[in-house]
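Here's the structure, in structure tokens; my notes come after.
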Amino acid sequence: TQVETLLDINNIEVIYNHVILVLKGVSLSVPKGGITALLGGNGAGKTTTLKAVSNLLHSERGEVTKGSIYYRGQKVQDLDPAELVRMGVIQVMEGRHCFEHLTVEENLLTGFYTRKGSRAEMERDLEMVYTYFPRLKERRRSQAGYTSGGEQQMVAIGRALMSRPETILLDEPSMGLAPQLVEEIFEIVRDLNEKEGVSFLLAEQNTNVALRFAHYGYILENGRVVMDGPAAELRENPDVKEFYLGMS
Ligand code: ATP
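Just so we're on the same page, the working numbering is the position in the sequence shown counted from 1, plus 48.
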């Protein structure tokens, strides 16, 4: 059986400030039901790729100057980010953006307001988020700004879930977190993928953990995809081992 492609990025170029060429022809695809990792070091272009999809480059004076991006066969370039959310695609930004002065639960609710749903649906979805993140339930009345880094990352993912996405673009979930928490977050990502059917495009510098949880990986270097393959194969690849997994 043929796997359905959700996101299809074809040979995109991104330029910042009219002169700085950052993506030099990136192509990748995200299948339905998969966890796809976008790997590479600092500055390789991972965040830029995600922002190109969700149309968040304009505020940074960046633009897609070549190539195309399709979601479910529909061209999504130049779509309003809110429109993309309605299509089922939501980005969780790097650095766990949450509203620090709101409580954990209020933060989650801001994700629900992107769609029109009844109070009963709202409560059902909150419960769904709390099943995956029991810690957030314990802390639901706490001000988000006073929760730990790991909890804020959970809030950011939980809020995205409240919009019932088909695909989450998840930027660097491991950033600044202790190894045990990184593991915990990735286990939840796997659970969401398996039980809720959420597809992920996951930008991550931590190749080791990403390749254990992802099904497929793309490695970006200097604005180009230099290698891609099933995660299990990349883990065994000598170059990946030497340059990205720190063993040879
Ligand atoms: P990181 O892990 O640091 O987020 P990344 O792989 O996500 O790395 P990007 O953030 O996409 O990389 O950055 C790719 C390149 O684009 C870097 O060289 C960066 O300096 C440059 N860049 C990013 N944003 C801008 C901007 N607004 N203006 C100019 N250059 C930028």
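Here a beta-carbon is modelled for each residue, glycine too, at the ideal position from N, C-alpha and C. In this text, all values refer to a predicted model and were calculated from it rather than measured experimentally.
Check: Taking HIS66 as the reference, which of LEU105, PHE291, GLU232 has the closest Cα?
Finding: Position 18 of the sequence shown, counted from the start, is the residue given in the question as residue 66. The candidate whose alpha carbon is nearest that of HIS66 is LEU105.
Next item on the list: Counting only runs of 3+ residues fully inside the segment 194-252, write out the beta strand (DSSP E) ranges in chain order.
Entry: Considered as a whole, the segment 194-252 harbours 215-219, 247-252 as its complete beta strand (DSSP E) runs of no fewer than 3 residues, in chain order.
Notebook entry, point to check: Should ARG109 be listed as close to the ligand ATP, given that the test is whether its C-beta is under 7 Å from any heavy atom?
Noted result: Walking along the sequence shown from the start, residue 109 turns up at place 61. A distance criterion of 7 Å places the beta-carbon of ARG109 in contact range of the ligand ATP, judged by its closest non-hydrogen atom.
Notebook entry, point to check: Is the distance from the Cβ of ILE117 to the Cβ of LEU250 below 8 Å?
Noted result: Taking the first residue of the sequence shown as position 1, residue 117 is located at position 69. Taking the first residue of the sequence shown as position 1, residue 250 is located at position 202. No. Outside cutoff.
Notebook entry, point to check: Cβ atoms of VAL177 and ILE216: under 8 Å apart, would you say?
Noted result: What you label residue 216 is simply residue 168 of the sequence shown in a count that begins at 1. What you label residue 177 is simply residue 129 of the sequence shown in a count that begins at 1. No Cβ-Cβ contact shorter than 8 Å links ILE216 with VAL177.
Next item on the list: Could you check if SER296 is buried or exposed, using at least 16 other CB atoms within 10 Å of its CB as the buried criterion?
Entry: Mapped onto the sequence shown, residue 296 falls at position 248. With a pLDDT of 49 at SER296, under the threshold of 50, the modelled position of that residue is not reliable, and no figure is offered here.
Check: DSSP on ALA92, reduced to helix/strand/coil?
Finding: The residue you call residue 92 lines up with position 44 of the sequence shown. Assignment of ALA92 by DSSP, reduced to helix, strand and coil, places it in the coil class.
Margin query: So for SER296, helix, strand or coil by DSSP?
Written below: Mapped onto the sequence shown, residue 296 falls at position 248. Because SER296 carries a pLDDT of 49, less than 50, the predicted location of this residue cannot be relied on, and the following value inherits that uncertainty. Coil.
Next item on the list: Compare the beta carbon distance of VAL288 and VAL74 with 8 Å and say whether it is the shorter of the two.
Entry: Locating residue 288 in the sequence shown gives position 240, where the first residue counts as 1. Locating residue 74 in the sequence shown gives position 26, where the first residue counts as 1. VAL74 sits away from VAL288, with the two beta carbons spaced by 8 Å or more.
Next item on the list: Consider the C-beta atom of ALA92 and the heavy atoms of the ligand ATP; say whether any pair is separated by less than 7 Å.
Entry: Here residue 92 is taken as the residue at index 44 of the sequence shown, counted from 1. Because some heavy atom of the ligand ATP lies under 7 Å away, the Cβ of ALA92 counts as near it: yes.
Margin query: Counting C-beta neighbours from all protein chains within 10 Å, is the total for ALA204 16 or more, i.e. buried, or is it exposed?
Written below: Within the sequence shown, residue 204 is the residue found at index 156, counting from 1. By the beta-carbon neighbour count (other beta carbons within 10 angstroms, threshold 16), ALA204 is buried.
Item checked: Range covered by the beta strand (DSSP E) that runs through GLU61 -> On the sequence shown, position 13 is the one that residue 61 refers to. Counting along the chain, the unbroken beta strand (DSSP E) around GLU61 starts and ends at 53-64.
Check: Among TYR64, LEU268, TYR180, which one has its Cα closest to the Cα of THR244?
Finding: For the purposes of this step, residue 244 is identified with residue 196 of the sequence shown, where counting begins at 1. The question names Thr, but residue 244 is Glu in the sequence shown. Nearest in C-alpha terms to GLU244, of all of TYR64, LEU268, TYR180, is TYR180.
Next item on the list: List the whole-angstrom C-beta distance separating ARG183 from MET170, where the pair is believed to meet the contact cut-off of C-beta under 8 Å.
Entry: Your numbering for residue 183 matches position 135 in the sequence shown. Your numbering for residue 170 matches position 122 in the sequence shown. Contact between ARG183 and MET170 does not hold, since their C-beta atoms are separated by about 20 Å, which reaches or exceeds 8 Å.
Item checked: Reduced DSSP category for GLY70 - H, G, I as helix; E, B as strand; rest coil -> Along the sequence shown, one-based indexing puts residue 70 at 22. The residue you asked about is not Gly; residue 70 is Val in the sequence shown. Looking at VAL70 - three-state DSSP - the assignment turns out to be strand.
Item checked: Supposed close pair PHE147, ALA192 - CB separation, criterion 8 Å -> Translated into positions along the sequence shown, residue 147 becomes position 99. Translated into positions along the sequence shown, residue 192 becomes position 144. Right, their Cβ atoms sit about 6 Å apart.
Check: Is MET135 helix, strand or coil by DSSP?
Finding: Counting from 1 along the sequence shown, the entry for residue 135 is found at position 87. Secondary structure of MET135 (DSSP, three-state): helix.
Notebook entry, point to check: Which residues in the same chain as MET210 place their Cβ atom closer than 6 Å to its Cβ, once the five residues preceding and following it in sequence are excluded?
Noted result: On the sequence shown, position 162 is the one that residue 210 refers to. Hits under 6 Å: LEU156, GLY159, PHE160, ASP173.
Check: Which one of ASN103, GLU153, GLU154, GLN122 has the shortest CA to CA distance from ALA298?
Finding: Examination of residue 298 is not possible in this model, given that the chain is present from 49 through 296 alone.
Item checked: Cross-strand partners of GLU111 (DSSP beta bridge) -> Stepping through the sequence shown from its first residue, residue 111 is reached at position 63. GLU111 is bridged to ILE63.
Notebook entry, point to check: Between which two residues does the alpha helix (DSSP H) containing TYR178 stretch?
Noted result: Working through the sequence shown from its first residue, we reach residue 178 at position 130. 167-180 is the span of the alpha helix (DSSP H), which, as asked, contains TYR178.
Notebook entry, point to check: Looking at LEU55 and VAL112, is the spacing between their C-beta atoms short of 8 Å?
Noted result: For the purposes of this step, residue 112 is identified with residue 64 of the sequence shown, where counting begins at 1. For the purposes of this step, residue 55 is identified with residue 7 of the sequence shown, where counting begins at 1. Not a contact, by the Cβ cut-off of 8 Å.
Check: Should ASP237 and VAL257 be called a contact, given that it needs their Cβ atoms to be closer than 8 Å?
Finding: Along the sequence shown, one-based indexing puts residue 237 at 189. Along the sequence shown, one-based indexing puts residue 257 at 209. The question names Asp, but residue 237 is Val in the sequence shown. Cβ atoms of VAL237 and VAL257: not closer than 8 Å.
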